Amino acid sequence: MTTPAIILKAEKVGYTYEPPPGKPAEPALVDISLEVETGTILAIIGPGRSGKSTFLRLINRLQEVAHPGAMTGRILVNGFDIYSPACDPFRLRRQVAFAFDKPRALEMSIYDNVTFGPRLAGITAKSELDGIVEETLRAAFLWDEVKDRLSLDATRLSGGQKQRLSIARSLALKPKLLLLDEPCSALDPISTAAVEQALAELKSRTTCILVTNNTKQAARVADVTAFFLMARLVEIGPTARMFRSPVDKRTDDYLSGRFG
Amino acid sequence: MDPAVRTRNERINRLGIGLSYLVTAAVGLLLAAIVGYLLWNGWPRLSAAFFLHHPEDLGRGGGILPVILSTVLLGGLSLLIAVPLGVCTAVYLTEYTTEGRLTTAIRFGAECLAGIPSIIFGLFGFILFVVTLGMGWSILAGALTLACMVLPTIIRTAEEAIKAVPAGLRDVGYSLGATKSQVVWHIVLPEARPGIMTGIILALGRALGETACVIFTTGVSLETPMSLLDPGRPMAVHFYILAREGLSMEMAYTTALTLVGLILLVNVGAAWLLARKRSS
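Read top to bottom, the protein sequences are chains W and D.
Each residue of the first sequence is one higher than the one before, starting from 1 at the first, in this note's numbering.
Each residue of the second sequence is one higher than the one before, starting from 1001 at the first, in this note's numbering.
Rendered as structure tokens:
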């Protein structure tokens, strides 16, 4: 048996938001070290403000776009230090895609939404774009619902459809790693089921990291689960083991609903 | 709840609803009165010939073809100048700079410009464009002056529209590998388009209805402008001269009716464009 490839490696990652003037800086992340194997789904669970989303946004350098702050430690994607000067964040974001918590459709057609990333990356051949659209919409379980109206303004889709469109849009870049930030927090149970079904199928093509407030969702879809609490990684392990017999008392308390 | 309190609340509620209906009706009535008055006085002379013929006898007879042409040229050209400038300024203020002394100064400047009476713009345009830059009374000088006048409106509305674009949409752009300028062009501006359009329509309405500014810069010539360096006379000025000189009140009203119709047409056209964009 070969050792599984490690796609993501975080080494002692720390992060502090630039504090508002006159306030002390409080770290949002402290000493996070973890590894993710290629072709798996990692779920990051934990109560609000535990640093989950910040960690996720550091992995494709989205954090630095909107928020000033200071990072320590290293993040390696396929062994490549993404915070080294040699890394181009715009190219990185094509390989490490992101799906957001709020369903957001760009003010253009469904077709143009999905091909937005590839077109920016310089793909112009109609046949190739057509292929990407069908393939990714199928992967996101949206194809059957929209195949006859690809030129429809995407802002007219329902919330659940928009969220699957966002996932298709991210997949269109053929990313090695897909980051999902609470993708179901704004969805009803039926749409959530559709997104989870899409996730399970996605594993074969891309590694996923899923931040979720819903521990049951982590139990349903994730191979490995990590528990964040107050800026620290408390525990990480195979999902089944985590939910059956957590090592740390705090994990147990959170999973059994004693706080959170 | 105490029935007495309930009936009292209901009475207050009904009074409030009644009042708001009344106020709305008053506004609608005012608009209807103006349009009705113009229709009453202007309609009898309205005909295809009025649009297609040249004025005769200083405007007492004939049509207003060159006047319509001047109006359209002035309005279109001033927007052609002011819209790119205004939208780019708004993009700079919102996307490319952090709040500081410079942005405060630019905003303050724009607000001051918005408050200056149009006749001052007219004098400024006369001195700068007509005399100093040697353009003479011309469509070009008038359009440049009008552009200066409507610029603050466009900047302000475009800025508000851009600010209203949710930050999450920008994140989507960045997460797909877009650079800052790609995010601005492909995501922020399309999303802000309805708001920007509203500002442009407001600006166009002002430019089309302007007289003081234009008399000084484009002149009052009734000849057909054959180039942008020719003088002309837009509808608002034509109306003013016909009425002021006592030449023909009937022609004045018909001109005014045409102007209002044109502005209405622009508004409806813009609304239709936006609606079509949404449903396509």
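We put the CB at the ideal spot given by N, CA and C, even for glycine.
Just so it is clear, the structure is predicted and the values come from calculations on it, not from any experiment.
Alpha-carbon to alpha-carbon, residue j and residue i
{"i": "Val-211 of chain W", "j": "Ala-1026 of chain D", "result": "55 Å"}
{"i": "Ile-1187 of chain D", "j": "Leu-1169 of chain D", "result": "7 Å"}
{"i": "Arg-138 of chain W", "j": "Glu-1111 of chain D", "result": "52 Å"}
{"i": "Leu-1228 of chain D", "j": "Met-1149 of chain D", "result": "19 Å"}
{"i": "Thr-1097 of chain D", "j": "Gly-1261 of chain D", "result": "41 Å"}
{"i": "Pro-1117 of chain D", "j": "Gly-1063 of chain D", "result": "31 Å"}
{"i": "Leu-1144 of chain D", "j": "Gly-1125 of chain D", "result": "8 Å"}
{"i": "Ala-1164 of chain D", "j": "Asp-1171 of chain D", "result": "15 Å"}
{"i": "Ile-59 of chain W", "j": "Lys-12 of chain W", "result": "13 Å"}
{"i": "Ser-1078 of chain D", "j": "Thr-1254 of chain D", "result": "25 Å"}
{"i": "Gly-257 of chain W", "j": "Glu-37 of chain W", "result": "29 Å"}
{"i": "Leu-1015 of chain D", "j": "Arg-1006 of chain D", "result": "14 Å"}
{"i": "Pro-1140 of chain D", "j": "Thr-1157 of chain D", "result": "The sequence shown places Leu at residue 1140 of chain D, not Pro. Their Cα atoms are separated by approximately 25 Å."}
{"i": "Met-959 of chain D", "j": "Ile-1034 of chain D", "result": "Missing from the structure shown is residue 959 of chain D; chain D here goes from 1001 to 1280 and no further."}
{"i": "Asn-1267 of chain D", "j": "Ile-1201 of chain D", "result": "7 Å"}
{"i": "Pro-246 of chain W", "j": "Lys-174 of chain W", "result": "35 Å"}
{"i": "Thr-72 of chain W", "j": "Glu-64 of chain W", "result": "13 Å"}
{"i": "Asn-78 of chain W", "j": "Ser-151 of chain W", "result": "37 Å"}
{"i": "Tyr-111 of chain W", "j": "Ala-198 of chain W", "result": "19 Å"}
{"i": "Glu-1010 of chain D", "j": "Leu-1029 of chain D", "result": "28 Å"}
{"i": "Ser-1280 of chain D", "j": "Gly-1246 of chain D", "result": "In this predicted model, Ser-1280 of chain D has a pLDDT of only 49, less than 50, meaning its place in the structure is not dependable enough to derive any value."}
{"i": "Trp-1137 of chain D", "j": "Glu-1223 of chain D", "result": "13 Å"}
{"i": "Leu-171 of chain W", "j": "Tyr-1021 of chain D", "result": "52 Å"}
{"i": "Pro-118 of chain W", "j": "Val-221 of chain W", "result": "28 Å"}
Cβ neighbour criterion (16 or more within 10 Å) applied to residue i
{"i": "Thr-54 of chain W", "result": "buried"}
{"i": "His-1054 of chain D", "result": "exposed"}
{"i": "Lys-52 of chain W", "result": "buried"}
{"i": "Gly-1269 of chain D", "result": "exposed"}
{"i": "Phe-100 of chain W", "result": "buried"}
{"i": "Phe-259 of chain W", "result": "exposed"}
{"i": "Trp-1043 of chain D", "result": "exposed"}
{"i": "Asn-113 of chain W", "result": "buried"}
{"i": "Ala-194 of chain W", "result": "buried"}
{"i": "Trp-1272 of chain D", "result": "exposed"}
{"i": "Phe-1239 of chain D", "result": "buried"}
{"i": "Thr-1024 of chain D", "result": "exposed"}
{"i": "Ile-1281 of chain D", "result": "An answer regarding residue 1281 of chain D cannot be provided, because it is not within the stretch 1001 to 1280 covered by chain D."}
{"i": "Tyr-15 of chain W", "result": "buried"}
{"i": "Phe-1108 of chain D", "result": "exposed"}
{"i": "Phe-116 of chain W", "result": "buried"}
{"i": "Met-1 of chain W", "result": "Confidence in Met-1 of chain W is poor, its pLDDT being 47 and thus under 50, which makes the residue's placement too unreliable to answer from."}
{"i": "Gly-1100 of chain D", "result": "exposed"}
{"i": "Glu-18 of chain W", "result": "exposed"}
{"i": "Asp-1057 of chain D", "result": "exposed"}
{"i": "Val-133 of chain W", "result": "buried"}
{"i": "Glu-107 of chain W", "result": "buried"}
{"i": "Phe-1050 of chain D", "result": "buried"}
Simplified DSSP assignment, three categories, for residue i
{"i": "Thr-54 of chain W", "result": "helix"}
{"i": "Phe-228 of chain W", "result": "strand"}
{"i": "Ser-33 of chain W", "result": "strand"}
{"i": "Val-211 of chain W", "result": "strand"}
{"i": "Asn-1009 of chain D", "result": "helix"}
{"i": "Leu-187 of chain W", "result": "coil"}
{"i": "Ile-41 of chain W", "result": "strand"}
{"i": "Ala-28 of chain W", "result": "strand"}
{"i": "Met-1226 of chain D", "result": "coil"}
{"i": "Pro-1044 of chain D", "result": "helix"}
{"i": "Lys-176 of chain W", "result": "coil"}
{"i": "Pro-1231 of chain D", "result": "coil"}
{"i": "Pro-312 of chain W", "result": "Given that chain W is displayed from residue 1 to residue 260, the structure contains no residue 312 of chain W and the question cannot be resolved."}
{"i": "Leu-1265 of chain D", "result": "helix"}
{"i": "Pro-1055 of chain D", "result": "strand"}
{"i": "Lys-12 of chain W", "result": "strand"}
{"i": "Ile-1081 of chain D", "result": "helix"}
{"i": "Gly-22 of chain W", "result": "coil"}
{"i": "Ala-168 of chain W", "result": "helix"}
{"i": "Thr-206 of chain W", "result": "coil"}
{"i": "Arg-74 of chain W", "result": "strand"}
{"i": "Ala-1064 of chain D", "result": "In the sequence on display, residue 1064 of chain D carries Ile and not Ala. Ile-1064 of chain D: coil per DSSP, three-state reduction."}
{"i": "Gly-1075 of chain D", "result": "helix"}
{"i": "Gly-69 of chain W", "result": "strand"}
Cβ separation of residue i and residue j, assumed to be a contact under 8 Å, to the nearest whole Å
{"i": "Gly-1177 of chain D", "j": "Arg-205 of chain W", "result": "Not really, about 18 Å apart at Cβ, beyond 8 Å."}
{"i": "Leu-179 of chain W", "j": "Leu-56 of chain W", "result": "5 Å"}
{"i": "Leu-34 of chain W", "j": "Leu-233 of chain W", "result": "6 Å"}
{"i": "Pro-1225 of chain D", "j": "Ser-1070 of chain D", "result": "6 Å"}
Exercise. Hey, which unbroken runs of the beta strand (DSSP E) at 3 residues or more fall wholly within the segment 78–158 of chain W?
Worked result: 96–99
Exercise. Could you give the uninterrupted runs of the beta strand (DSSP E) lying entirely in the segment 230–259 of chain W, keeping only those of 3 residues or more?
Worked result: 232–238
Problem set entry | Those runs of the alpha helix (DSSP H) which lie wholly inside the segment 1138–1223 of chain D and span at least 4 residues | 1139–1163, 1167–1175, 1180–1183, 1189–1208, 1212–1217
Exercise. Mind pulling the alpha helix (DSSP H) runs of 4 or more residues that sit fully within the segment 1091–1142 of chain D?
Worked result: 1101–1115, 1118–1125
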